[in-house]
Every structure is written in C-alpha cells, then in structure tokens.
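Using the working numbering, read the sequence shown as starting at 6 and increasing by one per residue. Virtual Cβ for every residue (Gly too), placed ideally from N, Cα, C. Note that the structure is a prediction, hence the values are computed from the model and not measured. Following: one structure in structure tokens, then a few remarks.
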Amino acid sequence: MGKPTGFLEHDRQLPADRDPQERIKDYDEFHLHLDTQTLQDQGARCMDCGIPFCHTGQTLPTNSPFASGCPINNLIPEWNDLVYRGQWHEALDRLHKTNNFPEFTGRVCPAPCEGSCVLGMNEPAVTIKNIEVSIVDRAWDEGWITPQPPSKRTGKTVAVVGSGPAGLSAAAQLNKAGHRVTVYERSDRIGGLLMYGIPNMKLDKDLIQRRVDQMEAEGVAFVTNTEVGADIEAQTLIDDFDAVVLCIGALKPRDLPIPGREFNGVHQALDFLHANTKSLLDSKLANGDYISAKDKNVIVLGGGDTGTDCVATSLRHGCKSLFQFDIIPEPPAERTAGNPWPEWPKVYKLDYGQEEAAAVFGDDPRKYLLSTMKFLDDGAGNLKGLVTQQVEWVKAEDGRPFREVPGTETEWPAELVLLSMGWLGPQDTIPEQLGLERDPRSNVKAGENDYATSIDGVFAAGDVRRGMSLVVWAFKEGRGVAREVDRYLMGATQLP
6 MGKPTGFLEH DRQLPADRDP QERIKDYDEF HLHLDTQTLQ DQGARCMDCG IPFCHTGQTL
66 PTNSPFASGC PINNLIPEWN DLVYRGQWHE ALDRLHKTNN FPEFTGRVCP APCEGSCVLG
126 MNEPAVTIKN IEVSIVDRAW DEGWITPQPP SKRTGKTVAV VGSGPAGLSA AAQLNKAGHR
186 VTVYERSDRI GGLLMYGIPN MKLDKDLIQR RVDQMEAEGV AFVTNTEVGA DIEAQTLIDD
246 FDAVVLCIGA LKPRDLPIPG REFNGVHQAL DFLHANTKSL LDSKLANGDY ISAKDKNVIV
306 LGGGDTGTDC VATSLRHGCK SLFQFDIIPE PPAERTAGNP WPEWPKVYKL DYGQEEAAAV
366 FGDDPRKYLL STMKFLDDGA GNLKGLVTQQ VEWVKAEDGR PFREVPGTET EWPAELVLLS
426 MGWLGPQDTI PEQLGLERDP RSNVKAGEND YATSIDGVFA AGDVRRGMSL VVWAFKEGRG
486 VAREVDRYLM GATQLP
C-alpha cells in the first residue's frame with residue numbers, strides 16, 4: 006500500500022491554516038490545501054504494514070473507552086495507494102464504499118485512524134484525514150459526484166426522526182435500498198448537529214446543503230420545522246410508516262447546579278453555538294438574534310470539541326478576555342504507559358480555537374484542575390464573575406474522585422459563561438410518549454446488532470442509543486441501522 010519506501014522518503018506534511026489573527030475576522034473555513042504532487046507523496050507514506058489497524062474500528066480489551074481505528078472501517082490503505090498512483094476517481098469509489106459523507110468526516114472527525122496508524126508507533130502518522138477530504142473535495146470540483154437514485158422501489162416506507170449524522174446516513178442507505186424515506190427535523194435546516202452544533206469555520210454549511218440537495222434528487226423527502234412528539238405524535242409515524250428510525254441524539258445537557266446558576270449570562274454551549282450559526286446563515290449576524298460575546302469576559306467551562314468551538318466563536322465576536330476551565334489534569338505531552346498504541350492518544354494538543362486564543366491573548370486559554378463553586382452577580386441578576394477552587398484527584402469523603410483544595414478560592418471576572426460539560430442522554434419527549442425501554446444511562450435501549458427497540462418496527466441509532474459520541478460513530482450507527490431496517494422490511498439485505 007503506497008510506496009514501500011515512501012515513509013522513509015517523505016515527512017508528514019499538512020496544509021497550512023490561515024493566520025489565526027486573520028481568520029477570526031470571518032466564519033470561513035480556515036484550512037488551506039496541498040497541491041496534487043504533495044498529496045500523492047503523503048499517500049506514498051502509507052506503509053505495506055501487513056496488519057493495518059487504521060481501519061479496524063474495534064474497542065480494545067483494555068480499560069480505555071476509545072476504539073482503535075476508524076469506526077466506519079474506511080478502506081484507508083486502499084485509497085492511500087490509489088492517491089499515490091494518481092487514480093483519484095477510483096479512490097473516491099473506495100471512499101464511498103464505507104462513508105456516505107467523507108467531506109464531513111474529513112473536516113470534523115478527530116481521526117482515530119491516525120491514532121492507530123502503524124507508522125505512528127515511532128514516526129508521525131500518515132495524513133489520513135487530509136487525504137480523505139482531498140479526495141472528496143476534488144471529486145466535487147471535478148463533477149464526479151452526481152445524484153444516483155435507486156433503479157427500483159420496494160414499496161416500503163421509512164420515517165427517520167432527526168437529520169444529524171446518524172439520520173442522514175441512515176436515510177441515504179435506506180433510499181439506496183429502494184425504500185421511500187422521509188426525514189423529520191425540528192429545526193429550520195437539515196443537518197442536526199452538523200448544521201447547528203459545529204461552527205461554519207469548521208464545517209461550511211454549503212457542504213451540508215450540497216449533500217441534502219443530492220439526497221433530495223435521489224428521492225429522500227425532508228420535512229423541517231416539525232418536532233415529532235409535539236407537532237406530530239410519535240405514534241402517528243408508527244401508524245403511517247412501515248418502519249421508524251429514531252436518530253434524535255443525546256441532547257440533554259449536563260448542568261451546573263451551583264449558587265447563581267440563574268443569573269443572566271450563564272448559557273449552555275449548544276444554545277450559544279446554535280443561535281450564532283442560525284443568525285449567521287439568516288442574516289450574517291445582522292439581526293442580532295444570538296448570544297454575543299462582544300466586549301465580554303468569557304469563560305468556557307469544560308473541554309472537548311464543543312468547548313473549543315465556543316472559544317473560537319467567542320473570539321470572532323470580539324470578546325474582551327477568554328478562559329476555558331477544566332476539572333481534569335493537563336494531558337501529558339506524550340503517550341503514557343497506560344495509553345499505548347493503538348489506542349487514541351490522550352495527549353496535550355492545541356486545537357484551532359486555542360491556537361486562535363493564544364494568538365489574540367498570548368497564551369493557551371485552558372486552565373486545569375479547577376472546580377467552579379459559585380457564580381457572582383452585579384446585584385441586578387446579571388453575571389459579573391465566578392469563583393473557582395483548585396482540585397486534586399484524591400478520593401473525597403463524599404465518594405467523588407477528586408476534592409477541592411482549601412484556601413485556593415479565586416474570583417474571575419465574567420459576563421458570559423458557557424457550559425460545555427457533556428450530555429446526559431436523549432431528551433425524553435419521544436421515548437416517554439412511546440414508552441420505550443431505556444438503559445441505565447437513560448439512552449433508548451436498542452439491540453447492539455439489530456438496533457431494534459422494545460417496540461416492533463421502531464429502531465434507534467446514533468447518540469440516542471449509545472450516548473454522545475463522535476460524528477464518525479453516528480455515521481457507523483446510521484449505516485448499521487439502515488442495514489437492519491432493510492432486513493426487517495425485506496427479510497434479507499444487501500446493504501453493507
């Protein structure tokens with residue numbers, strides 16, 4: 006795969022990004038592009054490694070919650086080799102065999118494939134993610150991707166509730182099998198978290214709409230501004246369709262019930278991101294219908310991709326100061342003995358938002374081992390700051406895995422605090438309305454292999470079934486549930 010000596014001849018190379026000081030002035034994508042020859046050289050670095058871990062997508066028998074390799078089993082060595090040989094169209098065909106939307110994963114996936122690259126054991130890993138997105142971007146530019154409606158219809162109908170990554174991939178695959186698919190979305194635009202949970206500079210919304218247009222041309226029907234469980238009874242879908250697929254996510258946010266939580270200026274991260282993108286798309290922010298960070302001291306509580314996106318968006322508003330607090334220790338610079346290859350490397354890295362904050366304010370905005378104890382107001386119910394304490398990861402008397410360190414209270418100014426502390430499971434409306442069985446984490450209980458819920462003909466996939474996770478896992482779930490729904494409807498399936 007690739008050139009046998011390619012990894013010895015070529016260093017890992019990624020395209021440059023736009024200068025942080027410049028890119029925070031707009032919401033355009035910030036990655037630049039490599040030329041064709043450099044991309045082929047990068048494809049040449051893919052070793053003939055014998056057992057490629059990059060596309061395995063398996064959970065390892067360790068204490069790690071992370072999988073090794075690509076969850077959707079992308080045929081990475083194959084399309085790396087094809088890029089190296091200049092066979093770009095064939096590379097696209099390989100890419101589409103396992104991934105309906107590689108332009109999305111090639112932009113927003115953290116690339117667990119690269120974390121388990123065999124070359125990455127002792128050299129910088131192959132630039133898998135960049136090669137992936139380069140293949141599909143070239144394909145769109147060259148006009149290779151066109152609507153491919155199914156040659157015949159089965160006469161079966163399927164309702165997909167939710168148009169995020171799981172819902173879109175399920176709909177695409179079910180339509181490919183010949184079923185009539187209708188996707189219901191409560192927002193005004195299709196895409197779920199792809200549309201409103203990820204900022205435009207990380208995933209341009211025109212790319213989502215381009216795929217939606219393709220799917221419509223292939224026969225998928227989309228219904229927006231319609232909340233199942235409110236505008237339409239969930240039971241109505243069961244009565245009207247041959248199968249129902251729930252891809253409603255796990256959007257019940259973790260809150261922070263400390264003194265002052267009710268003050269004006271404390272918001273959930275997703276509310277902040279959603280409103281900003283909607284206003285951007287509706288009016289280029291001219292309508293002012295969003296939560297502004299302009300001229301405010303901003304603190305983001307929690308890490309992860311959502312926290313980073315809040316940092317980057319706040320910078321584009323023109324915030325006065327910016328910090329990001331996390332209760333965990335700072336990650337190590339290199340893998341520890343407890344985090345060996347091919348696990349996902351849990352190491353310190355400067356993501357795009359933190360890189361931008363460092364360019365503006367001179368330092369990484371993240372502060373570790375801090376617990377927020379209370380919010381402070383100005384006497385009129387408006388947030389003016391918060392108080393933190395340092396923590397140490399020693400078991401506390403109340404059973405918590407950490408404890409606060411006395412005498413370390415610090416007051417921080419803040420007029421805007423964004424809570425990015427994860428999610429606790431799906432919202433309850435549809436599961437309660439249908440009486441669906443839940444698992445101990447409140448997710449909808451559905452079979453590991455058949456995605457079937459406790460109600461015949463109703464299936465669940467994505468975060469609603471497995472909890473909040475990566476976009477690439479949602480794509481895997483969407484493709485998996487489509488295969489099992491097709492089997493349920495037809496008695497057999499040819500979907501991968």
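Here DSSP, grouped into helix, strand and coil, assigns Q395 to strand.
If you check the CB distance, S168 and V186 do not come in under 7 Å. Counting along the chain, M378 sits inside no alpha helix (DSSP H); it lies in the beta strand (DSSP E) bounded by residues 375 to 382.
The C-beta separation of D46 from H15 comes to about 5 Å, placing the pair in contact by the 8 Å criterion. The residues G183, R185, in chain order, have a CB closer than 7 Å to that of R158 in the same chain once the five nearest residues on each side in sequence are set aside.
D468 is classed as buried because its beta carbon has at least 16 other beta carbons within 10 Å across all chains shown.
Taking 4 residues as the shortest admissible run, the stretch 132 to 199 contains the following complete alpha helix (DSSP H) segments, listed from N- to C-terminal end: 133 to 147, 170 to 181. Non-local C-beta neighbours of K161 in its own chain, meaning closer than 6 Å and more than five positions away in sequence, comprise H184, D247, L494, ordered along the chain. If one requires a minimum length of 4 residues, the alpha helix (DSSP H) runs lying completely within the stretch 433 to 490 are 434 to 439, 468 to 471, in chain order. According to the DSSP assignment, P25 belongs to the alpha helix (DSSP H) that extends over 25 to 28. Beta-bridge pairing by DSSP links Q45 to no other residue.
Remark: C-beta atoms of G265 and K400 do not approach each other more closely than 7 Å. Membership of H272 in any alpha helix (DSSP H) is not indicated; the residue belongs instead to the beta strand (DSSP E) covering 271 to 273. A distance below 7 Å between beta-carbons, with the five flanking residues on each side excluded, links A465 to the following residues of its chain, in chain order: L251, V449, A451, Y456, T458. Listed in chain order, the non-local C-beta contacts of T318 below 6 Å within the same chain comprise P204, N281, local neighbours out to five positions each way being set aside. Rounded to whole angstroms, the gap between the alpha carbons of D491 and V463 is 13 Å.
Distance from the CA atom of L375 to the CA atom of T341, rounded to whole angstroms, is 23 Å.
Per DSSP, the unbroken beta strand (DSSP E) holding E416 starts and ends at 415 to 418. Under the 10 Å beta carbon count, I81 is surrounded by 16 or more other beta carbons and is classified as buried. Spanning the alpha carbons of V88 and C118 requires a straight line of approximately 17 Å. The stretch 85 to 123 is shown to contain whole alpha helix (DSSP H) runs of 4 or more residues at 93 to 103, 107 to 113, 117 to 120, in chain order. Closest in alpha carbon position to G254, among V166, R443, F268, is V166. Under the three-pair Cβ rule at 8 Å, the stretch 113 to 131 counts as touching the stretch 342 to 352. Contact between the stretch 478 to 489 and the stretch 171 to 183 is present: three or more C-beta pairs spanning the two stretches fall below 8 Å. Taking one beta carbon from each stretch, the stretch 132 to 139 and the stretch 226 to 244 have fewer than 3 pairs nearer than 8 Å; the two do not touch. Under the DSSP assignment, F328 falls in the beta strand (DSSP E) whose first and last residues are 326 to 330.
The closest CA to that of A419, considering only V305, T413, N454, Q359, is found on V305. Along the length of the stretch 209 to 269, whole beta strand (DSSP E) runs at least 3 residues long occupy 226 to 228, 248 to 251, reported in chain order.
Look at Q18 here: in three-state DSSP terms it is coil, with no helix or strand label. L424: member of the beta strand (DSSP E) spanning 421 to 424, first to last residue. For L198, the CB contacts under 6 Å within the same chain, skipping 5 residues up- and downstream, are G169 in chain order. Within the same chain, and ignoring the five residues on either side of P406 in sequence, the residues whose Cβ sits closer than 7 Å to its Cβ are W398, K400.
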